[in-house]
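Protein chains in written order, with our numbering: chain A, 1 to 1024; chain R, 1 to 576.
As structure tokens, this is what we get:
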């Protein structure tokens, strides 16, 4: 094998030398003009005779003169921003050339994982994010920046300051395997929070979507890959100094408030409609009704009248949010050394008081060339995130009555204004909370262009992620008002060690790039927690836990490792035919002994049709490429999930999960007798989840590069789905992590960019994205047992149905609300939902549930428009998620139930509750004090579709005359708005932030507690 | 050539770590064990057995402030007074409250099975193996008997489940009883006796196994065997009913021997209690003690006080509150009034011996309260549930004599800790309402918001019940004379008039159990064991009675469980 390659190289060298020894002949003078597509002359165009060093440039009128060596000479005509042309002289003394605007997009280099490729040579579905478009928006997290920008990339919304929104690519490929998109920063897997990255430090973001592209990352890539490249130093003797600053104010997109005093009393009246109205119709008010008798005792004085309060809890717990963002970077360099240093500071305060996010970031990117063929570099960053302070409990703020007050006359916090166990919402606010996360990243690399074999490159990356978290807390109200304090330390470290060999060779019409990778990753985590409860004094806060009476300690740790190899071949023939073939072998410690390793192969083909001769006459088409790819990628299970776990961690009240043991104490005054409990079943057959994906796409530029875009169709089948399948609890376990079934995602994506106007002073660009993904469960267990009906069984207990979406909604259907005179099913009361008795059994049972729809959207679109007029530019970005028929449903189900708590709670003022006097009310109001089980668990699924004017911005570049005074290269000022208008039929808070699984309605809707922010920003960018 | 040398040098320097050991991908859990290495030594098996005790206490006592009380609500004696109208159809739905006992009891069974299955491969001696097997089989029988009482025949699993299994089918109720009997016989033969020096307070014993065995025999209709098993407990020289005052507070007045049984520290044998058979251990503020004072009163603590004592805070007499709340005296501590007695428990069962039965003395069954709010004219005055002052209102309107209002009803003092709350739950003097700050007898017992737990060891089994079990067995053998004799042992201790053989019926025994145990008994289990739940509630509890359906004597198998068991049909009980 070695010998063959050597021979091949030898052959190539001979071939090349043959080319160089072409004959010399007399000189020929040529003249002509170079123009653009509109016929305007182009000055400064460089002309070079191919293979020689002789050349010239065009004058103001676009004319040139050049002497070439012979009739067969070829002229290379190039100008920045235009496509380079090769013109054969063919004996012509006069040559006029028209240059086409280069589609920079196609020439751009795209990061593809362990290497780069020109966009036009890509064979897979890879999209670069247009970072320019949204740079003026107040996005403190890069997740927000990506929202709506790439077809197939679904980014949700976070309602916490600095929060990371949920992100997925091309729908959900798993049932409950890892659902996170793989994030790679500068070639290294980034295992830190996205909130630790300063968006200003990013140079480019590329998204790998199809299996043929993601497969280079093998077993972690099934959910897609986002490749982030940070800014680097550049080769310029003049250092570039760039400073940007912005200030934003934020308020909720929907101005909802809890009921005020009048509304609250009206609600109490309505909640007692059986007394406040006269029977039998209950529409005529009862004049004898005295609302003071029906409010909670804590809202009455000793003499039985209403408390004289009218407290505005909402205003006390919220205030206008703000974001201050400053960023400075300095970069420069020469042939042997380049550098970039940057620092940033973000100070964000959310709408709910103490929802704070402060981040300091520093970054250094250094690269030096100790030898002409050897580069060594360091990319390092640190992020210091401060989220000190705790919010008031916003759910309790909404529920607090204006007839209660948070403080007594002496100004002391009243622990429970209603004298119940419902705490004062400000109990969680008046605490001492220290919450810091420090993130460190460093990648040290060595890059060698092997000196004795041209085209061979060896790169070594040694990337390190390190994180420390410190969460200290003390509260005099916690631990049943007896005081609690804790200190929690966590540290996390991982390294990635990658060795990449790349060989590039062009011979004749063949273009080859071969890549071989050998790498390993190791991750380690530790946490230690010390907590004390029952303090007579908490004046030393969390710094002297010894003052507490009851002490608790706990610690956890994990480690996991990965080991992988990859080989890739990129082959291009005649600039027309493209081939990419990859194979990756992956090993992960978290899998069962016999399934530690797996292989992930892919292949993809591309055909640049526009290069074919028969296309040369089709002038409307500048570029057209068909590509098709097929590949496999994987998804790994959480570590330790194949092991039968025996936990010895003592149970504590209100545990987050069941992974605990129950120690005991024998005898009075005895000590703890430790316990252990088996908390999970082992699964020795647990293995990788595999996604096999087919992607077919077309990339095109039409009409003299004015219209460009790409279309992609894909079908991804995921097999051996990792799923925690529910099993009968009689076994002692409620679920087991297993591999089963098949899931299919089918989709279509379109991206169009159109230069609508490109005049000298006025330019108008638009880009449009459309994407649609359909999710379907193809197989589950493969069993047909219960019921035995010739079709494969659904996993009803896990909510999974064959031929339905993974997020199908299987639930009761409702049909209005029971009015006074309606005939009701047994167990149902007036003012409760009419649940549809599907099987007409006259009772509501499990059998009355049907498939109502699904939680994921039908399709999404976004539209970006950018107008430039002289120094002004204006842009706006529209984004929409549409459910179509029965899609994108979310649970929005406020319901009033007159029980112990219902009578004293406040609610958002916008809820249209039913009552006899309001028989068309949308939401149930049950005053019976009893309700059916089905009613308690009923979800009201409503459409979340929306269209949003997500971003708009106006910016102005200061004129050159002014810049000279400032000695600046450019100064840009802007104002922008985010989430300006949302059109939706969804009621309550914003429709979008419902958690991805749609089950948890804690964020959106009328029950929700956390609004989405509308922001206005004013900002400044200066470059020296 | 120089380039090549440099290159090789750099490659060697940088690539030195390239080589990868095969063990690189071995998985080593750092903060937990796995079944393969957690069942070898005596300490390992002790940890698993300790966990069984913990699981039992968790499910029956400390998990939260509603689960354990499902064994009391909806019975013939109690109701949820916060509910305006009950909805038994919803409660008994296949996803209703009746699911609560299924998984926790099967967890007890499965952990016991794991111990039994892992013993042969362990390093224990044969004697140790036998002892641990006896312990595990006791708990397995305990779990199965609870399941069989509530749900009838259930899947009978006797080995550790190590692979995902979804084809369980139901055994018959008789088969489940037979297994429990076999397990308990083994336990009784191999566990230590309560009189043995080696046994720790709170551990299961021969006596616990025989007591439970007698109960399961009863359920299975094997009355003679039940008599034998119960007699083995009763006849053991180390056992005996407590008949005179004892323990830490034996000089406190008012007080009596029945009251002494429920004072903190008096349950375990160390303090001279010979009546206790199996005591669930509750230790305040020790990890694993089940008595956290800082975790709130809704979990990690036995919330009996919170749930059972009335919310006297909301009593008003002519608009003025006579009670400051919460105070750890006879006003009920920090009760919030959920689990209220119905009039059958308040009035009917006490009629024959109202004034002489010490179980009905006011220090045990509190009917008479004394005002403790200095701002009220009733300060220090009697306010009786039997004869409430005119103008008394509670949460449900006017307070009526002998009818429970959430704010005011008779309650059993054994749910509280009168004048003896855990010190951490007493409000700091500075925060006590100024009106009573100088009144020592109130200020020292003014509780914090986290109070409401019952920080006292609880009897799972005590000898009085063994007598009543044997009485039930004699009744089954139509020997009402012997039954009456046993019942009268229990009655004599509390100064109640003896019952005549002619009066002994199953209903009488159930009434006697109510008088003797009240909130202490897992009443639902007794009624379900006897198939008497529907009948008794229909007749005696007007709150739920009208909604009871005949099929309720077997609870529904949880619908989720039927769905999860996808490879075989887990038959639902009739009527669901």
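Ideal Cβ placement from N, Cα and C applies to all residues, glycine included. Treat the numbers as computed from the prediction; the structure is a model and nothing was measured.
Item: Residue 285 of chain R versus chain A: which residues are under 9 Å apart at the beta carbon?; Value: 533, 534, 549, 550
Item: Beta-carbon of residue 19 of chain R versus every beta-carbon of chain A: anything under 7 Å?; Value: Caution is warranted here: a pLDDT of 48 is assigned to residue 19 of chain R, below 50, making its placement in the model unreliable, and the coordinate value is therefore given only provisionally. Chain A, which has no Cβ nearer than 7 Å to the Cβ of residue 19 of chain R, makes this no.
Item: Starting from residue 446 of chain R, find everything on chain A with Cβ-Cβ shorter than 8 Å and list it in chain order.; Value: Ordered by position in chain A, no residue passes the 8 Å Cβ test against residue 446 of chain R, which lies about 13 Å from the chain.
Item: Taking only runs that begin and end inside the region 327–371 of chain R, name each unbroken beta strand (DSSP E) of 3 or more residues, in chain order.; Value: 339–341, 368–370
Item: Going along the chain, which unbroken runs of the alpha helix (DSSP H) with 4 or more residues stay wholly within the region 271–305 of chain R?; Value: none
Item: Using only the alpha-carbon positions, how far apart do residue 169 of chain R and residue 842 of chain A sit?; Value: 29 Å
Item: Roughly how many whole angstroms lie between the Cα atoms of residue 671 of chain A and residue 665 of chain A?; Value: 6 Å
Item: For the region 279–293 of chain A, list every residue whose C-beta sits within 7 Å of some C-beta in chain R, in sequence order.; Value: none
Item: So is residue 661 of chain A in contact with chain R if we call contact Cβ pairs under 7 Å?; Value: yes
Item: Can you check DSSP and say which residues form a bridge with residue 67 of chain A?; Value: A:29
Item: Quick check on residue 729 of chain A - is its C-beta less than 7 Å from some C-beta in chain R?; Value: yes
Item: Can you tell me which of R:453, R:137, R:305, R:544 puts its alpha carbon nearest to the alpha carbon of residue 178 of chain R?; Value: R:137
Item: Answer yes or no: does any C-beta atom of chain A fall closer than 7 Å to that of residue 579 of chain R?; Value: Look at the range of chain R in this structure, 1 to 576, and you will see that residue 579 of chain R is not part of it.
Item: I need the boundaries of the beta strand (DSSP E) containing residue 907 of chain A, first residue and last residue.; Value: Looking at the DSSP string, residue 907 of chain A is not in any beta strand (DSSP E), and its letter there is neither H nor E.
Item: Taking Cβ to Cβ, would you say residue 119 of chain A is nearer than 7 Å to residue 169 of chain A?; Value: no
Item: Let me check understanding here. Comparing Cα to Cα, which of A:244, A:405, A:886 lies closest to residue 308 of chain A?; Value: A:405
Item: For residue 601 of chain A, tell me which candidate among A:580, A:839, A:632 has the shortest Cα-Cα distance.; Value: A:632
Item: Spatial neighbours of residue 139 of chain R within its chain, please: CB distance less than 6 Å, with the 5 preceding and 5 following residues excluded, ordered by chain position.; Value: 52, 108, 112
Item: Going along the chain, which residues of the region 540–573 of chain R sit with their C-beta nearer than 9 Å to a C-beta in chain A?; Value: 558, 559, 560, 561, 562, 563, 564, 565, 566, 567, 568, 569, 570
Item: Quick one: is residue 640 of chain A near chain R, going by C-beta distance under 7 Å?; Value: yes
Item: So, helix, strand or coil for residue 1005 of chain A, using DSSP?; Value: strand
Item: Taking the alpha helix (DSSP H) that residue 313 of chain A falls in, what are its first and last residues?; Value: 313–317
Item: What's the C-alpha gap between residue 163 of chain R and residue 596 of chain A?; Value: 20 Å
Item: Say whether chain A places a C-beta atom closer than 7 Å to the C-beta of residue 511 of chain R.; Value: no
Item: Taking one C-beta from the region 244–252 of chain A and one from the region 1006–1017 of chain A each time, how about it: are there three or more such pairs within less than 8 Å?; Value: yes
Item: When you check each C-beta in the region 81–99 of chain R against every C-beta of chain A, which residues fall closer than 7 Å?; Value: 82, 83, 84, 85, 86, 87, 89, 90, 93, 94, 95, 96
Item: Which bits of chain A does residue 58 of chain R rub up against, with CB to CB less than 9 Å?; Value: 651, 662
Item: Over what stretch of residues does the alpha helix (DSSP H) that includes residue 485 of chain R continue unbroken?; Value: 480–493
Item: For the alpha helix (DSSP H) containing residue 499 of chain R, name the first residue and the last one.; Value: No alpha helix (DSSP H) contains residue 499 of chain R, which DSSP labels as neither H nor E.
Item: How would you call residue 509 of chain R, buried or exposed, if buried means at least 16 neighbouring beta carbons within 10 angstroms?; Value: buried
Item: Return the CA-CA distance between residue 316 of chain R and residue 987 of chain A, expressed in angstroms with no decimal places.; Value: 43 Å
Item: Could you work out which residues of chain R lie near residue 559 of chain A, taking near to mean beta carbons separated by less than 8 Å?; Value: 28, 30
Item: Is it true that the region 309–320 of chain A meets the region 254–268 of chain A, where meeting means three or more beta-carbon pairs spaced less than 8 Å apart?; Value: yes
Item: Please classify residue 386 of chain R: does DSSP put it in a helix, a strand, or coil?; Value: coil
Item: With a threshold of 7 Å between beta carbons, is residue 645 of chain A in contact with chain R?; Value: yes
Item: Give the secondary structure of residue 895 of chain A by DSSP, where H, G and I count as helix, E and B as strand, and everything else as coil.; Value: coil
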